[in-house]
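Working notes, structure below.
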Amino acid sequence: MRTERRIERVKYVLSHRQDDLTVVVENIHDPHNVSAIIRTCDAVGVFMINLVYTIEQFPDIGKKSSAGAMKWVYRRNFKSVDECYNTLRDEGFKIYATKIVEGAKSLYELDLTQKIAFVFGNEHRGVSDEASEKADGIFMIPMFGMVQSLNVSVACAVTLYEALRQRLLAGHYDKQKLNPEIFEKVFLEWIEK
64 MRTERRIERV KYVLSHRQDD LTVVVENIHD PHNVSAIIRT CDAVGVFMIN LVYTIEQFPD
124 IGKKSSAGAM KWVYRRNFKS VDECYNTLRD EGFKIYATKI VEGAKSLYEL DLTQKIAFVF
184 GNEHRGVSDE ASEKADGIFM IPMFGMVQSL NVSVACAVTL YEALRQRLLA GHYDKQKLNP
244 EIFEKVFLEW IEK
């Protein structure tokens with residue numbers, strides 16, 4: 064429905080989309096977790112999410128659990144880590160996988176204002192060895208409790224909101240990042256949704 068209010072909202076949202084910030088979801092089993100990640104991506108302005116499924120089946124993401132966010136975040140499906148990483152590197156992304164291992168950098172040590180992709184893995188197995196070994200870096204979210212893990216959608220939210228914080232301070236949300244042709248194409252598509 065093309066109301067003036069809707070047109071202004073779409074323009075506002077698109078003008079804040081961060082096409083240089085993305086998420087890679089690797090073999091996450093529970094579609095509710097994938098949906099929650101997509102909602103967070105929409106909230107912080109991620110333009111596209113990348114789904115890598117080599118073991119698990121691609122999730123059936125419901126409108127209810129994603130609260131409609133799946134309409135506003137583009138998704139790409141990959142059948143291998145290499146295919147995904149090669150695509151991201153061709154686009155200029157640095158790839159950081161989350162994993163609790165010795166030598167992992169704290170999330171808060173990373174410069175999240177650069178062109179960056181965050182990799183989050185399966186709820187039980189975490190990020191695969193292949194995905195972590197082929198990443199440009201490994202990071203972890205500092206934790207001080209007895210349990211040393213967060214739900215994958217929570218870990219993604221913590222990470223993306225730290226990226227949002229850094230990017231707000233750096234002025235990334237003050238200027239449109241999408242190139243004008245993509246902006247116009249997506250704008251015309253979205254006002255019809």
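Take the sequence shown: its letter number 77 is residue 140 in our numbering, and every next letter is one higher. Here a beta-carbon is modelled for each residue, glycine too, at the ideal position from N, C-alpha and C.
- Looking at Ile204 and Thr176, is the spacing between their C-beta atoms short of 8 Å? Working through the sequence shown from its first residue, we reach residue 176 at position 113. Working through the sequence shown from its first residue, we reach residue 204 at position 141. Contact flag unset, no.
- Please determine, among Ile201, Tyr148 and His92, the residue with the shortest C-alpha to C-alpha distance to Lys168. Locating residue 168 in the sequence shown gives position 105, counting from the first residue. Among Ile201, Tyr148 and His92, the Cα nearest to that of Lys168 belongs to Ile201.
- Hey, out of Thr85, Lys240, Tyr236 and Glu244, whose CA is closest to Arg152's CA? Position 89 of the sequence shown, counted from the start, is the residue given in the question as residue 152. Measuring from the Cα of Arg152, the nearest candidate turns out to be Thr85.
- Find the nearest neighbour of Val109 within the set Arg72, Ile179, Val144 and Asp93, judged by alpha-carbon distance. Along the sequence shown, one-based indexing puts residue 109 at 46. Checking every option, the nearest Cα to that of Val109 belongs to Ile179.
- Through-space distance from Met209 to Tyr75, alpha-carbon basis: As a working mapping, residue 75 is identified with position 12 in the sequence shown. As a working mapping, residue 209 is identified with position 146 in the sequence shown. Spanning the two alpha carbons is a distance of roughly 42 Å.
- Pair every Cβ in the region 102 to 118 with every Cβ in the region 128 to 148, then say whether three or more of these pairs are closer than 8 Å. yes
- Message: Going by DSSP, what residue range makes up the alpha helix (DSSP H) through Asn149?
- Response: Residue numbering aside, residue 149 sits at position 86 when the sequence shown is read from its first letter. Unbroken alpha helix (DSSP H) run through Asn149: Val144 to Asp153.
- Query: How is Gln229 classed by DSSP in three states: helix, strand or coil?
  - Reply: Here residue 229 refers to the residue found at position 166 when the sequence shown is read from its first residue. Here Gln229 sits in helix by DSSP.
- Message: Beta-carbon within less than 8 Å of Leu251's beta-carbon, same chain only, minus the 5 sequence neighbours each way: which residues are those?
- Response: What you label residue 251 is simply residue 188 of the sequence shown in a count that begins at 1. No residues qualify anywhere along the chain.
- In or out: Val215 buried (at least 16 other Cβ within 10 Å) or exposed? Position 152 of the sequence shown, counted from the first residue, corresponds to residue 215. Buried.
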